[in-house]
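Read the structure below first, then the notes.
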Amino acid sequence: MQKKFMIALSTVVLVLVLSSAVFAQDTFKVGYACNNFNDTFQTFIEDHARAYAEKEGVEFVYSDGGEDILKQQDQINAFIAEGVDALIVVPIDTSAVEPIIEAAQKAGIPLVFVNRNPFSDLDPEDYPENVYYVGSEESEAGKFQAEYAVELLGEKEEIGYAILVGILSNQGAIARTQGNKDALKEMKNYKLLAELNGDWQRDQGMTITENWLTAYGDELKLILSNNDEMALGAVEATEAAGREDIIIMGVDLIPDAKQAIIDGRLDASVMQDGKGQGEGAMKVALAALRDEDPEPYTKIPFVLATPENIADFE
6 MQKKFMIALS
16 TVVLVLVLSS
26 AVFAQDTFKV
36 GYACNNFNDT
46 FQTFIEDHAR
56 AYAEKEGVEF
66 VYSDGGEDIL
76 KQQDQINAFI
86 AEGVDALIVV
96 PIDTSAVEPI
106 IEAAQKAGIP
116 LVFVNRNPFS
126 DLDPEDYPEN
136 VYYVGSEESE
146 AGKFQAEYAV
156 ELLGEKEEIG
166 YAILVGILSN
176 QGAIARTQGN
186 KDALKEMKNY
196 KLLAELNGDW
206 QRDQGMTITE
216 NWLTAYGDEL
226 KLILSNNDEM
236 ALGAVEATEA
246 AGREDIIIMG
256 VDLIPDAKQA
266 IIDGRLDASV
276 MQDGKGQGEG
286 AMKVALAALR
296 DEDPEPYTKI
306 PFVLATPENI
316 ADFE
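Residue numbers are given in the working numbering: position 162 of the sequence shown equals residue 167, and the series is strictly consecutive.
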């Protein structure tokens, strides 16, 4: 009888130990390395990644690279040294991610790039092992802007346009700008007057637009911006100059941009889904940690927001 009791007790203990092991394996720490929290939209992505981590009981640590490549690499190495189970990274320079990939692979942990795709020229099946991307097809944002501009301005009148570009080393800025150009290159009445980087900042968007208004006068009829912050700077400049006739569009649909569309100050924005990207990146990281074999590329669609459909965006 005592022997049977001891066997039963041992079985219960073994089950409890195994259950505890499974639970321990499901308690993770994830490091989130942002490019720059001075970029308003990046704060939205991080907020949603953090919220999903908290919901899942995941320890969440973060860093701000301040647009310094070496600083971000040091921060990622520090995350690895403190024992994170996975990394989520918004890369500062998408062409300089090899040290980040090498560090993650050496540590044997999943690496999820979010928002900025360092593999835009690769098929997802060719991504490095245990490395993933969650984000949008950046050229689509530029295409959506340009197509809506043609819808508003037509194909007959001569249209001079300018592009407010983000940071030149950023793949998203490059692709959005190219999306603008590709969509308008067949439109013979659209002439590119200027393109200049405003580093995603509202004040720079305003200053650049002020200079364009002086340089091009009435010839300038359309401004396409890589993001909402620069677009809102352009809005401030055109309003101050009495040039509200100029069509201005942004990308991201941040709250200020949404309100500007409602107020009739901004003509459109292409919604970039910060929740989809932030939650999506955390979901992929956890799926990889749980051996659920996530897809290498999770696409988060862009959606054009205009005065006609702005009420649909809550």
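From the three backbone atoms N, C-alpha and C, an ideal C-beta is built for every residue, glycine too.
From a predicted model like this one, the values you see are computed outputs, not experimental measurements.
Item, Value
"Gly-113, buried or exposed, once every other Cβ within 10 Å from all chains shown has been counted against 16", "exposed"
"Own chain residues within Cβ distance below 7 Å of Val-289, not counting five before or after", "Val-117, Tyr-137, Val-139, Pro-299, Thr-303"
"Cβ-Cβ distance between Asp-128 and Gly-283 below 8 Å", "no"
"Enclosing alpha helix (DSSP H) for Met-192 [first to last residue]", "Segment: none, Met-192 is in no alpha helix (DSSP H) and carries neither H nor E."
"Minimum C-alpha distance to Asp-79 - residue among Lys-280, Glu-64, Ala-56, Asn-40", "Asn-40"
"DSSP state of Asn-122 mapped onto helix, strand, coil", "coil"
"Rounded Cβ spacing between Gln-209 and Phe-46 (contact assumed at less than 8 Å)", "About 16 Å; that fails the 8 Å criterion."
"Cβ contact check for the segment 167–176 and the segment 260–268: 3 or more pairs under 8 Å", "no"
"Distance, Glu-234 Cα to Asp-296 Cα", "39 Å"
"Residue range of the beta strand (DSSP E) that includes Lys-304", "302–304"
"The segment 235–246 contacting the segment 208–224, beta-carbon criterion three pairs below 8 Å", "yes"
"Straight-line Cα distance separating Asp-223 from Arg-181", "25 Å"
"Same chain, Cβ closer than 7 Å to Lys-161, neighbours up to 5 away in sequence not counted", "Asn-194"
"Per-residue DSSP class, three states only, for Phe-307", "coil"
"Neighbourhood of Glu-336 by C-beta, 6 Å cutoff - its chain only, sequence neighbours within 5 removed", "Nothing in the structure corresponds to residue 336, since the chain is present only between 6 and 319."
"CA nearest to the CA of Glu-103, picked from Phe-124, Glu-87, Ala-91, Ala-86", "Phe-124"
"Endpoints, the beta strand (DSSP E) within which Val-256 is located", "252–257"
"Sequence-distant residues of its chain with Cβ nearer than 6 Å to Arg-270 (five each side left out)", "Val-240"
"Outcome for Gly-88 when other beta-carbon atoms lying within 10 angstroms are tallied against a minimum of 16", "exposed"
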